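Heads up, the thing below is written out as structure tokens.
There are 2 protein chains.
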Amino acid sequence: MHQITGNTRIFGILADPIQHVKTPQGINQHFAAEAFDGVMVPIHVGEGELATVVQGLRAVRNLSGFVVTVPHKSAMVALCDQVSAAARLIGAVNVVHRSADGRLHGTMLDGEGFVAGLRQQGIEPAGLSAYLAGAGGAASAIAFALVRAGVSRLTVANRTSDKALQLIERIRSIHPAAVLNVGTEDPSGHELVINGTSLGLRPGDALPLQADKLQASQVVAEIIMQPAETPLLSAAKARGCRIHFGAPMLSSQLALMAAFMRGKLEQLEVAP
Amino acid sequence: MHQITGNTRIFGILADPIQHVKTPQGINQHFAAEAFDGVMVPIHVGEGELATVVQGLRAVRNLSGFVVTVPHKSAMVALCDQVSAAARLIGAVNVVHRSADGRLHGTMLDGEGFVAGLRQQGIEPAGLSAYLAGAGGAASAIAFALVRAGVSRLTVANRTSDKALQLIERIRSIHPAAVLNVGTEDPSGHELVINGTSLGLRPGDALPLQADKLQASQVVAEIIMQPAETPLLSAAKARGCRIHFGAPMLSSQLALMAAFMRGKLEQLEVAP
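Quick mapping for you: the protein sequence lines, in order, are chains A and B. Residue numbers for the first sequence follow our numbering, so the first one is 1 and each next one is one higher. Residue numbers for the second sequence follow our numbering, so the first one is 1001 and each next one is one higher.
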């Protein structure tokens, strides 16, 4: 990477543990490609010290922003001066911009990263009917982003259907006109089918939805990155579906994170 | 520089303003030469926020240390858990090591850097009689370091001779056996003659000592880096003296700072 000088803007990633993070490599490569004089460093902070470290970072004038990951995403919501509506409703912040006045602006880009990853692969979600398995943190972020991207309707299916209903109600509170339904394990009748659960991560996991109902006209997408081809994607491929891997969600998110930290993305749908 | 990963140890330099600092370049080059996986970034912090930022840095587990410069050197003394005797008596800290337990250990390496710079140029101060013009912050650090390095005697000359006497008394409090005197503007009778004042920095400055008394057997040293050849050094050269520039003080200090921040230098003469 390029030489760090007194003019270099600084960025961090807050995590515990820290050793495994790959975001500094990705962001620094991105900055280099953009010929931007910035550097991201890993910042190892335990749960009990998050507020102290964030208070310190707030006072660092040449810091533009930071990424937040395990275990700090939830706690970071209350430490921001302003968070996006989606981040507030999901209850998690994964990226922060520090404006020149020392204020911290947080948002959650997991869902935007997923949508950008689809688009990178030539899949435009606007106008598609979408089926989402899961209603946890990652699925919630994707659900918000799909609605923002303009899907024609969104069906959320979750083993505990109350959780799916609660997610739908939260989305409706900021997107009152969206067409939202609670679904079953059957993804029939949707153009875009997404696994937003962790099923498929471990060998022997159950399938997240009824894969035998998939049809060749459907696109089937994953959020799981390891293994790249989950049992769901294998089944979808066997039935002639177009498949979409989990990896683009992260790679696409790097550019969004870099832009947000630099204050270049609008703070859309800011919560009151 | 090398790729930053989750395993990279982080270091900072605290300053205001920050743009002009050259320490990140020097330290990162030093780390690269040692194949050490560390990175120094500039940290821009105003006077009013020093305590907040330091409190945050204290909680960053992968931070090994930081350099402190204008305007924070004095305030940093009280923010350390432990400071070296010289730093306490000089009243300034310019480098901090953070140990794994989050404690901050401060010292002042300006004087050690000066002595290391002399040695780098083949001038061993041990056993030499030394004359020092000045009793301010930089001169004080050099006086302590010269005594620690084992000069046979040290004469301190200052326009306000009370200040020279106070410096001598502070040195004597931790080096009771040292031979220390208050001097005049005449450097005669000393093997090593040092300008520890800022006289020579600006065109038209008075000479810091009676240069017409210099003799060819004397070594004449500067702490001023710009201009490299001050009027004092020009006069000394004209009189056949060996001269020593200000630059080695900083370059030698980089290696000492790197070692101290990494916890590799003993915390010598720790104050109670």
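For each residue, glycine too, the CB sits at the ideal point set by N, CA and C. Keep in mind it's a predicted model, so treat the numbers as computed, not measured.
Asked: GLU1034 (chain B) at chain A interface by Cβ criterion, 8 angstroms; Found: no
Asked: Inside the segment 1229-1255 of chain B only - alpha helix (DSSP H) runs reaching at least 4 residues; Found: 1231-1238
Asked: Cross-chain neighbours of VAL1039 (chain B) in chain A, by beta carbon under 8 angstroms; Found: ILE4, VAL39, VAL41
Asked: Chain-ordered neighbours of GLY56 (chain A) on chain B, where CB pairs are closer than 7 angstroms; Found: THR1052, VAL1053, GLN1055, GLY1056, LEU1057
Asked: Chain A within 8 angstroms of HIS1020 (chain B), Cβ atoms only; Found: yes
Asked: Cβ pair ASN195 (chain A), GLU229 (chain A) closer than 8 angstroms; Found: no
Asked: Distance between beta carbons of ALA51 (chain A) and LEU79 (chain A), contact taken as under 8 angstroms; Found: 6 angstroms
Asked: DSSP three-state assignment for ILE171 (chain A), whether helix, strand or coil; Found: helix
Asked: As assigned by DSSP and simplified to three states, the class of ASN1158 (chain B); Found: coil
Asked: Delimiting residues of the alpha helix (DSSP H) encompassing THR52 (chain A); Found: 50-58
Asked: Range of the contiguous beta strand (DSSP E) that encloses ALA1133 (chain B); Found: 1129-1133
Asked: Selected residue, minimal CA-CA separation from ALA258 (chain A), among A:VAL67, A:THR197, A:LYS22; Found: A:VAL67
Asked: Local conformation of MET1076 (chain B) per DSSP, three classes; Found: helix
Asked: Segment limits, beta strand (DSSP E) that includes LEU1118 (chain B); Found: Element bounds for LEU1118 (chain B): not the beta strand (DSSP E) but the alpha helix (DSSP H), 1110-1120.
Asked: Cα-Cα separation between ARG153 (chain A) and GLY1012 (chain B), rounded to whole angstroms; Found: 50 angstroms
Asked: Opposing strand residues paired with HIS1105 (chain B) [DSSP bridges]; Found: B:GLN1082, B:HIS1097
Asked: Short Cβ contact (8 angstroms threshold) for ILE1243 (chain B) with VAL60 (chain A); Found: no
Asked: Neighbourhood of PHE260 (chain A) by C-beta distance below 8 angstroms, restricted to the same chain and skipping five residues each side; Found: GLY65, VAL95, HIS97, THR107, LEU109
Asked: Cα-Cα separation, LEU118 (chain A) to HIS105 (chain A); Found: 26 angstroms
Asked: Any C-beta of chain A under 8 angstroms from that of GLY1263 (chain B); Found: no
Asked: Reference GLY1127 (chain B), options B:GLY1111, B:VAL1147, B:PHE1114, closest by Cα; Found: B:VAL1147
Asked: Per-residue DSSP class, three states only, for HIS1030 (chain B); Found: helix
Asked: VAL45 (chain A) - containing beta strand (DSSP E), residue span; Found: Premise fails: VAL45 (chain A) is in no beta strand (DSSP E) and is neither H nor E.
Asked: Buried or exposed (CB count within 10 angstroms, at least 16 for buried), GLU34 (chain A); Found: exposed
Asked: CB contact below 8 angstroms: GLN1025 (chain B) versus chain A; Found: yes
Asked: Rounded separation between ILE1027 (chain B) and LEU1233 (chain B) - CA only; Found: 29 angstroms
Asked: Residue(s) in a DSSP beta bridge with ARG1153 (chain B); Found: B:SER1129
Asked: Through-space distance from VAL45 (chain A) to LEU14 (chain A), alpha-carbon basis; Found: 6 angstroms
Asked: Contacts around ALA21 (chain A), its chain only, beta-carbon distance under 8 angstroms, and the 5 residues preceding and following it disregarded; Found: As written in the sequence, residue 21 (chain A) is Val, which differs from the Ala given in the question. Counting only Cβ-Cβ distances below 8 angstroms, and skipping sequence neighbours, we find ILE13, ALA15, PRO42, THR69.
Asked: Closer than 8 angstroms to chain B by CB, THR69 (chain A); Found: no
Asked: is_contact[HIS1044 (chain B), chain A] using C-beta, thresh 8 angstroms; Found: yes
Asked: DSSP state of ALA1271 (chain B) mapped onto helix, strand, coil; Found: Here the model assigns ALA1271 (chain B) a pLDDT of 36, short of 50, so the residue's position is not dependable, and the following value carries that caveat. DSSP places ALA1271 (chain B) in coil when its eight states are reduced to three.
Asked: Nonlocal neighbours in the same chain, by C-beta distance under 6 angstroms from ASP1205 (chain B), ignoring five residues either side; Found: LEU1199
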